[in-house]
Amino acid sequence: DQQVKQNSPSLSVQEGRISILNCDYTNSMFDYFLWYKKYPAEGPTFLISISSIKDKNEDGRFTVFLNKSAKHLSLHIVPSQPGDSAVYFCAASGESTGSARQLTFGSGTQLTVLP
Amino acid sequence: ETGVTQTPRHLVMGMTNKKSLKCEQHLGHNAMYWYKQSAKKPLELMFVYNFKEQTENNSVPSRFSPECPNSSHLFLHLHTLQPEDSALYLCASSLEPLNQPQHFGDGTRLSIL
Numbered sequence: 008d009q010q011v012k013q014n015s016p017s018l019s020v021q022e023g024r025i026s027i028l029n030c031d032y033t034n035s036m037f038d039y040f041l042w043y044k045k046y047p048a049e050g051p052t053f054l055i056s057i058s059s060i061k062d063k064n065e066d067g068r069f070t071v072f073l074n075k076s077a078k079h080l081s082l083h084i085v086p087s088q089p090g091d092s093a094v095y096f097c098a099a100s101g102e103s104t105g106s107a108r109q110l111t112f113g114s115g116t117q118l119t120v121l122p
Numbered sequence: 322e323t324g325v326t327q328t329p330r331h332l333v334m335g336m337t338n339k340k341s342l343k344c345e346q347h348l349g350h351n352a353m354y355w356y357k358q359s360a361k362k363p364l365e366l367m368f369v370y371n372f373k374e375q376t377e378n379n380s381v382p383s384r385f386s387p388e389c390p391n392s393s394h395l396f397l398h399l400h401t402l403q404p405e406d407s408a409l410y411l412c413a414s415s416l417e418p419l420n421q422p423q424h425f426g427d428g429t430r431l432s433i434l
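Just so you know, the protein sequences line up as chains A and B, in that order. So the first sequence is residues 8 to 122, counted in the numbering used here. So the second sequence is residues 322 to 434, counted in the numbering used here.
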């Protein structure tokens with residue numbers, strides 16, 4: 008059973024508008040959440056993260072919101088640009104074991120920003 | 322200088338071959354990871370090394386054998402693979418035990434004939 012779920016495999020947005028990508032998790036022990044972006048033929052690139060002690064973290068056009076009671080997080084991109092077109096992965100981790108955190112990934116959402 | 326470098330980028334091998342995937346990181350990290358990404362599936366963690374010591378092995382078949390000679394290099398030795406092992410293999414590194422993101426290489430696309 009997947010502990011991190013991205014229920015929308017794809018999302019299309021007009022350039023300049025807001026993109027909202029969603030992620031749900033089931034493990035209440037997760038306390039650190041990340042978003043990665045992946046272009047074809049490249050590895051995932053870290054975008055933004057949030058600790059469970061916060062409910063919002065902002066970095067330029069990217070904002071991540073965390074709703075712990077709903078076990079839900081979302082990534083907002085505003086304004087969206089064509090270069091944002093990529094697969095976005097949500098990831099989560101809990102208390103580390105063996106001193107290295109393990110990340111659990113969602114299956115990804117393909118974002119397409121239309122010019 | 323790229324952060325995490327993986328070689329080769331593409332590999333085609335038969336089921337009876339033996340090959341190795343290589344990963345090198347230049348970020349001063351102390352933890353390294355192997356992930357597998359099959360089509361339409363989430364990234365699956367295979368192995369974790371922290372300070373050269375293997376700390377996790379997520380029920381990976383013995384036909385995959387990792388090696389971490391130092392904190393900067395990680396290998397994945399492959400032998401007698403099956404067609405279902407065809408996938409993208411990604412290496413990552415991080416600085417532990419801090420709450421820092423993992424940095425990924427571009428992966429090796431492996432095809433088993």
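All C-beta atoms in this analysis are idealised placements derived from N, C-alpha and C, irrespective of residue type, glycine included.
Proximity below 8 Å, CB of residue i to CB of residue j
| i | j | result |
| --- | --- | --- |
| V369 of chain B | Y356 of chain B | no |
| V325 of chain B | Q358 of chain B | no |
| I25 of chain A | V120 of chain A | no |
| N338 of chain B | E417 of chain B | no |
| K343 of chain B | F396 of chain B | yes |
From the options, residue whose alpha carbon lies closest to that of residue i
| i | options | result |
| --- | --- | --- |
| S76 of chain A | A:P16, A:V94, A:F37 | A:F37 |
| Q88 of chain A | A:S19, A:K12, A:Q10 | A:S19 |
| K61 of chain A | A:G115, A:Q117, A:G67, A:L73 | A:L73 |
| L110 of chain A | A:A93, A:P16, A:N34 | A:N34 |
| D91 of chain A | A:S56, A:D8, A:K12, A:P122 | A:P122 |
| Y95 of chain A | A:P51, A:S56, A:G23 | A:P51 |
| R330 of chain B | A:I27, A:P16, A:Q21, A:A48 | A:A48 |
Close-in-space but distant-in-sequence residues of the same chain around residue i (CB under 8 Å, 5 per side omitted)
| i | result |
| --- | --- |
| N14 of chain A | N29, D31 |
| M334 of chain B | K340, L399, L402, L431, S432, I433, L434 |
| Q375 of chain B | F368, V369, P387, C389 |
| Q421 of chain B | S415 |
Chain-order list of residues whose beta-carbon lies under 6 Å from that of residue i (same chain, five-residue window excluded)
| i | result |
| --- | --- |
| Y39 of chain A | S58, S100 |
| E365 of chain B | K357 |
Closer than 7 Å at the beta carbon, the chain B residues around residue i
| i | result |
| --- | --- |
| Q109 of chain A | L366, V369, E377 |
| E49 of chain A | D427 |
8 Å Cβ cut-off: residues of chain B touching residue i
| i | result |
| --- | --- |
| S114 of chain A | K361, K362, P363 |
Chain A residues whose Cβ lies nearer than 7 Å to that of residue i
| i | result |
| --- | --- |
| Q423 of chain B | L110 |
| L397 of chain B | Within chain A, no residue comes near L397 of chain B; the closest Cβ sits about 15 Å away, beyond 7 Å. |
Cβ shell of residue i (< 7 Å), same chain only, five flanking positions each side left out
| i | result |
| --- | --- |
| L54 of chain A | W42, Y43, K44, F69 |
Neighbour flag for residue i against chain E, beta carbons, 8 Å
| i | result |
| --- | --- |
| Q9 of chain A | The chain inventory of the structure shown lacks chain E, comprising the protein chains A and B. |
- Query: Where in the segment 8-86 of chain A do unbroken runs of the alpha helix (DSSP H), each at least 4 residues long, occur, reported from the N-terminal end onward?
  - Reply: none
Exercise. What beta strand (DSSP E) runs, 3 residues minimum, are completely inside the segment 340-375 of chain B?
Worked result: 352-358, 365-371
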